[in-house]
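Everything below concerns the one structure shown next.
Chains as they are written, first to last, in the working numbering: chain E, 2 to 476; chain X, 9 to 306.
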């Protein structure tokens, strides 16, 4: 035990407390920094040599304190759960958004959406039945048919545009994932070098974890702790980032909604071999699902096509049973503008001559020649909207299914939002900075610093006695 | 060390913010309902309600169209009713003239000639009545594309006998015309205008035949009266349907309002309560977030 040990013990404490105060200051400074994890100084008391030599003795006590590390107070498992929760949250949120946008296209219930347009179209047949001789009534009917087909084209076009815009968004997401993965890999490398060189890496690790959370939100990435403070990031079981190396992803599949089929869907792929990314999550997966064959956009486009086909088939069938103003048998009322079967995108009126509306239910009645003013067939056609298999019913079924799907999406999102919020609270409780706590800690460290200074003064004054007041005999 | 859950300033402010946002979201939704007057603005707000609304709307449209059909039917039947009334009046006049002509002791040849002229004139006028048009269509002409039901010169039927009907309700079709051919003839198939022609002829040339003609004329009058009664009955039927539709329209509007529209007083109350709640939350948040140990340490 040397004479000056007391001073060095006090000094070690002064160092340690000051370091601790610095960390408290850093915590307070970052109290509102997103993604910051609070840090704590780990102090170890220094004692006698751990492995005494044979016959050696040690008469002293401990030899002060040392800061062994500065810890980042972050629960890895909680973070993983946080990543999963955020991935699910983003997926459900995008799902609800896509459904809501499809709902916007149909715009029910209102006075100017398809149900009203259909109703007016059927009423148009009544008007013709009432006045088969009036070309104005017939023209009005054709105009209403035109309104119907225009609405169909418009809705179908909007759905198609939505599909394209979501596909573009998916491409952006893939690009963002790639650049984020590159950043994470770089940070991983920096963390690894820092850890090996015993440099502080907490802030780098915080930055990296923030980016990893973004990857989880974008495509549902999951993590596993790697070597030397790095994290490995996985995407559906395959490695996205391992240490300082990373893989890239890309978007594959059709670029037009019309090309989508059960076997040809838009997907996220690994850039290296174009194989599909399995079990992705997050925003990306919600978009992939919305764009798929049975997804909300192509799905409801098909349902709308079915409504158009149902209108066309019901009207055409009945129209052919009637006779036009000249006494000729009726022809198709609606037809497709191209070679495909009739759908919402290609349904058009088959003729524009109002006299060709087959309003009459009977062929020419003698003694008259060349048609008659019967309205029987128009009357029957005005009733095509009524019944369990009528086009109106097909459309209503579409609306109720869309509504239920939208409601389910919103409810699932609401539930997940609660879960995510609770988890974020727990994560914050673990890693967030509490100003009260930092103030209390600062108090502790300040007092300890003061006390250590006092120890130093005391030792100094003791030594003063020894050095300056002893050995004065005979002076 | 920290108790069960560690609480930080950040988590308090995050939680308060989330709660405030949820509060504001509810206020916003209620406000939107108030300003639009609708509690269903998209199908997912209430899928079943939406479908009810769609059905009610389409039934309203249907009902309105039936009303228009009925109005048109009333127009047809009213026209026919008036026409038949005048026809019967004029036929009655012919009957009087014929009786006058039959009284050979009291009427001279000259005055019978005058009667014959009047009967001919009435015949022309009756053909005009038989060709009465409603919205450009001869009401006794069936579904003919021509402009007349009877040829003015020959008095022959040139329309057709197809019925004209209007749909005024579910499976309720009412015929709004009468068969022009059979209306103006007697049970034996003799045409009113032929009868009148022969009356005019016999008045001037052979009064003895007039009694047969009178029989024919009475038979035609019977047909006309029967048809007249029939038309009146159908007119009534359509009017009854219209009254029913009026009541039903009110019901439908009420039902639609129940499904789709907001309950105004209730929504205003809800909005008030939500606003009070929001303000309280704001106040509480301001109080909670402010203090920390910093304020109390020197």
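Where a beta carbon is used, it is the ideal one built from N, C-alpha and C, also for glycine.
Check: Those residues which DSSP pairs with residue 335 of chain E across a bridge; Outcome: E:350
Check: Minimum Cβ-Cβ distance from residue 104 of chain E to chain X less than 7 Å; Outcome: yes
Check: Own chain partners of residue 132 of chain E with C-beta closer than 7 Å, once the 5 adjacent residues on each side are dropped; Outcome: 138
Check: Residue 85 of chain X versus residue 235 of chain X: straight-line alpha-carbon distance, rounded; Outcome: 11 Å
Check: Assigned secondary structure, residue 243 of chain X (DSSP; H/G/I helix, E/B strand, else coil); Outcome: helix
Check: When X:53, X:23, X:26 are compared against residue 37 of chain X, the one with the closest alpha-carbon; Outcome: X:53
Check: Nearest-angstrom Cα separation, counted from residue 252 of chain X out to residue 176 of chain X; Outcome: 11 Å
Check: Euclidean distance between Cα positions of residue 327 of chain E and residue 383 of chain E; Outcome: 21 Å
Check: Where the stretch 409 to 436 of chain E meets chain X: residues whose CB sits under 8 Å from a CB there; Outcome: 410, 411, 422, 425, 426, 427, 429, 430, 431, 433, 434, 435, 436
Check: Contact belief for residue 408 of chain E with residue 55 of chain X at Cβ below 8 Å, rounded distance in angstroms; Outcome: 6 Å
Check: For residue 10 of chain X, three-class secondary structure by DSSP; Outcome: Caution is warranted here: a pLDDT of 42 is assigned to residue 10 of chain X, below 50, making its placement in the model unreliable, and no coordinate value can be reported.
Check: Assigned secondary structure, residue 268 of chain E (DSSP; H/G/I helix, E/B strand, else coil); Outcome: strand
Check: Close Cβ partners of residue 163 of chain X (< 7 Å) along its chain, the five nearest in sequence each way excluded; Outcome: 135, 199, 201, 202, 205
Check: Neighbour flag for residue 153 of chain E against chain X, beta carbons, 7 Å; Outcome: no
Check: Reduced DSSP secondary structure (H/G/I, E/B, other) of residue 151 of chain X; Outcome: coil
Check: Beta carbon of residue 298 of chain E nearer than 7 Å to that of residue 160 of chain E; Outcome: yes
Check: Residue 20 of chain X versus residue 345 of chain E: straight-line alpha-carbon distance, rounded; Outcome: 52 Å
Check: Distance, residue 430 of chain E Cα to residue 10 of chain X Cα; Outcome: Reliability of the predicted coordinates at residue 10 of chain X is poor, the pLDDT of 42 falling under 50, and no value is obtained from them.
Check: CA-to-CA distance, residue 140 of chain E to residue 350 of chain E, given in whole angstroms; Outcome: 12 Å
Check: Proximal residues of chain E, C-beta to C-beta of residue 7 of chain X below 7 Å; Outcome: The structure shown does not extend to residue 7 of chain X, since chain X spans only 9 to 306, so no value can be given for it.
Check: Interface flag, residue 397 of chain E vs chain X, CB-CB below 7 Å; Outcome: yes
Check: Beta-carbon proximity list for residue 278 of chain X, same chain, < 8 Å, skipping 5 on both sides; Outcome: 38
Check: Residue 448 of chain E versus residue 296 of chain X - alpha carbon distance; Outcome: 29 Å
Check: Closer than 7 Å at the beta carbon, the chain X residues around residue 440 of chain E; Outcome: 301, 302, 305
Check: Interface partners of residue 252 of chain X on chain B, CB under 9 Å; Outcome: No chain B appears in the structure shown, which is made up of the protein chains E and X.
Check: Pair within 7 Å by beta-carbon distance, residue 97 of chain E and residue 424 of chain E; Outcome: no
Check: Enclosing beta strand (DSSP E) for residue 1 of chain E [first to last residue]; Outcome: The structure shown does not extend to residue 1 of chain E, since chain E is modelled only from 2 to 476, so the question has no answer here.
Check: Interface residues of chain X facing residue 116 of chain E [CB-CB closer than 8 Å]; Outcome: 62, 65, 66
Check: Distance, residue 155 of chain X Cα to residue 143 of chain X Cα; Outcome: 11 Å
Check: Neighbour list for residue 132 of chain E in chain X, Cβ cutoff strictly below 9 Å; Outcome: 80, 143, 144, 145
Check: Cβ of residue 276 of chain E within 7 Å of any chain X Cβ; Outcome: no
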